[in-house]
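Reading the sequence shown from the start, the letters are residues 0 to 398 in numbering that gives the first Met the number 0. Note that CB positions come from ideal geometry on N, CA and C, so glycine has one too. Presented below is the structure to which this report refers.
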Amino acid sequence: MNMRTGAARSGRRPGRARWVGLPSAVAAALALAACSTAPPPVSTSTAAAAAPKATLFSVPADQLAHLKIEPVQKATLVRTTGTVDWDNDHTTQAITQVSGPIVRIVVDAGTKVKAGDPLLYVVSADVANASSVYRKAKNRLDLAQRVLTRNKDLLDHRALSPRDYEASEADFNDASTDFQTALQALKVFGVTQDDIADAERQNVAIRPELAMRAPLAGTVVQKLVLPGQFIQAGATPAFVISNTSTVWVQGHVYDKDLVSVHVGDRVDERNSSFPDDFHGVVSYIGDMLDPATRTTPVRIVTQNPAGLLKKDLFVDVVIHDRRSRDVLVVPTAAVLYDEQNFPFVYVQTEPGKFAQRLVKIGAQQGDGTEVIDGLKTGEPVVSQGSVFLQFATSYQPTP
């Protein structure tokens, strides 16, 4: 969590840093300023204990259009921690359909693959046997086709009895069935139609070196085999492939907070290694409580387009209860800092007039910041353009 208090950012004045090198913004800011006296510095150690500044600003109507005013709102936030896991709805093990030694591995952990891409090659006696059965079935079918064609011509010229023709027709049907069975056996082993066509064109047996192919698109997140290793059909997992553009965050919610957590609630997640928050949605709430911790598992489907969230990474989690409103929240852009690094916002006291109000803030999650003290529900604050007002006050003459 990015917990911030008024004294937590000493030596930094973010409101002014944004205006370096912006002379046009300076002129616009000065046009907003009203003639008033800046208050004395705040000497208390917390923003909550400091007296609010009484300086008022009258903003002309043409400049007022550049400000965005939003009311202070309430929102229930449930905080917990979570662990990143692969999205099991888009993760699978790659298991070969044939037995044999691995002769080549063409991907490694971290390789991005498309469905159907080759992963490794196995020399399989199963494929050799299936290929032999296929060739015999193909030869028998070709012969039965020639016999049937010849007998049809003889039947048409009354040189063959109908019974003999029907017998040749039955032989052709049997041969066709055996051929289709042999063909399907090859396809079950992963032999493609192109592999078969190449072998028939060259009049050779189908190569027993068979490719294991990716069952889905994603990233190879685990490689579990080595070259030369013997793998068993349907039993030896060779790779784990996952679409890491989404991940699951597995969290645990205390029983007292369960009333504030629902499937579909918006979630913000944060790890101190990254500057930005990640965002997800609650997709599952467990049906059982852990008797030792008094928590229930919660699964959060989280967007991970850059792949930054890795399996087993710890994150801080804030769940936004969309059905209840208890905590005051303002847009993060509304919070600025004065010369002593106390956080404040600009409150609209009446149409076109604004006052600087010191506040005590809590956690920042997503585009909102929790306000612990200094504001009331529904008070209108400047959410966009407040930095203009701050810049203008910094240039007010002192009488």
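Straight-line Cα distance separating residue j from residue i
i: V344; j: D254; result: 35 angstroms
i: G367; j: K309; result: 26 angstroms
i: T348; j: Q389; result: 16 angstroms
i: V266; j: P342; result: 25 angstroms
i: Q228; j: A166; result: 50 angstroms
i: W247; j: V83; result: 6 angstroms
i: I240; j: D193; result: 25 angstroms
i: S160; j: V146; result: 14 angstroms
i: P59; j: G351; result: 7 angstroms
i: R212; j: F188; result: 11 angstroms
i: Q249; j: H278; result: 14 angstroms
i: L185; j: M287; result: 47 angstroms
i: F273; j: G81; result: 16 angstroms
i: V121; j: K151; result: 45 angstroms
i: K346; j: P379; result: As written in the sequence, residue 346 is Val, which differs from the Lys given in the question. Distance between the alpha carbons of V346 and P379 is about 6 angstroms.
i: V224; j: T235; result: 9 angstroms
i: D173; j: L154; result: 21 angstroms
i: V258; j: L182; result: 58 angstroms
i: G20; j: I68; result: Caution is warranted here: a pLDDT of 36 is assigned to G20, below 50, making its placement in the model unreliable, and no coordinate value can be reported.
i: H65; j: D372; result: 27 angstroms
i: S382; j: D256; result: 30 angstroms
i: R134; j: D170; result: 17 angstroms
i: T176; j: R200; result: 23 angstroms
i: A74; j: R293; result: 24 angstroms
i: L307; j: D275; result: 11 angstroms
i: G115; j: V203; result: 25 angstroms
i: S130; j: D289; result: 55 angstroms
In DSSP terms, what residue i is bridged to
i: Y120; result: R103, A210
i: A354; result: L55, V346
i: K73; result: L327
i: V266; result: G279, I318
i: E369; result: V328
i: K111; result: T218
i: L335; result: F343
i: T295; result: V252
i: F313; result: T82
i: P379; result: P70
i: I195; result: None; I195 has no bridge partner.
i: F238; result: A93, K222
i: Q302; result: T245
Simplified DSSP state of residue i, which is helix, strand or coil
i: P161; result: helix
i: I205; result: coil
i: V190; result: coil
i: F390; result: helix
i: L225; result: coil
i: S412; result: The structure shown has nothing for residue 412, since the chain only spans 0 to 398.
i: L288; result: coil
i: F341; result: coil
i: S35; result: For S35, the predicted structure reports a pLDDT of 34, less than 50, and the residue's modelled location is therefore unreliable. The matter cannot be settled from this model.
i: V246; result: strand
i: A93; result: strand
i: R78; result: strand
i: S385; result: helix
i: K151; result: helix
i: A362; result: strand
i: S259; result: helix
i: Q231; result: coil
Contacting residues, own chain, Cβ-Cβ under 8 angstroms from residue i (five flanking each side not counted)
i: V260; result: V77, V252, V281, I284, V297, I318, D320
i: E369; result: L76, V326, L327, V328, I360, G361, A362, Q363
i: P226; result: I101, V102, R103, I104
i: T245; result: D86, H89, V300, T301, Q302, N303
i: N242; result: D86, H89, T90, L215, A216, G217, T218
Rounded Cβ spacing between residue i and residue j (contact assumed at less than 8 angstroms)
i: V219; j: A108; result: 6 angstroms
i: L55; j: A354; result: 5 angstroms
i: S123; j: P207; result: 6 angstroms
i: L268; j: V316; result: Strictly speaking, residue 268 in this sequence is Glu, with Leu absent from that position. With a Cβ gap of about 5 angstroms, E268 and V316 count as contacting.
i: V386; j: L312; result: Wrong, their Cβ atoms sit about 34 angstroms apart, outside the cutoff.
i: V106; j: L118; result: 5 angstroms
Minimum Cβ-Cβ distance from residue i to chain C less than 8 angstroms
i: L307; result: Considering every chain present, this structure includes no chain C. It has just one protein chain.
Chain-order list of residues whose beta-carbon lies under 6 angstroms from that of residue i (same chain, five-residue window excluded)
i: Q231; result: S98
i: Q92; result: P236, V239
i: K113; result: A216
i: K111; result: T218
i: A143; result: D170, F171, A174
Residues near residue i in its chain [Cβ-Cβ closer than 7 angstroms; skip 5 each side]
i: G233; result: I94, Q96
i: R17; result: Reliability of the predicted coordinates at R17 is poor, the pLDDT of 36 falling under 50, and the value obtained from them is presented with this limitation in mind. Contacts found: V386.
i: G377; result: P70, V71
i: D178; result: Here the sequence assigns Phe to residue 178, which means Asp is not the residue at that position. These residues qualify, in order along the chain: A136, K137, L140.
i: L209; result: V97, Y120, V121, S123, V126, F188, G189, V190
i: T331; result: Q363, D366, G367, T368
i: R322; result: H261
i: E168; result: L147
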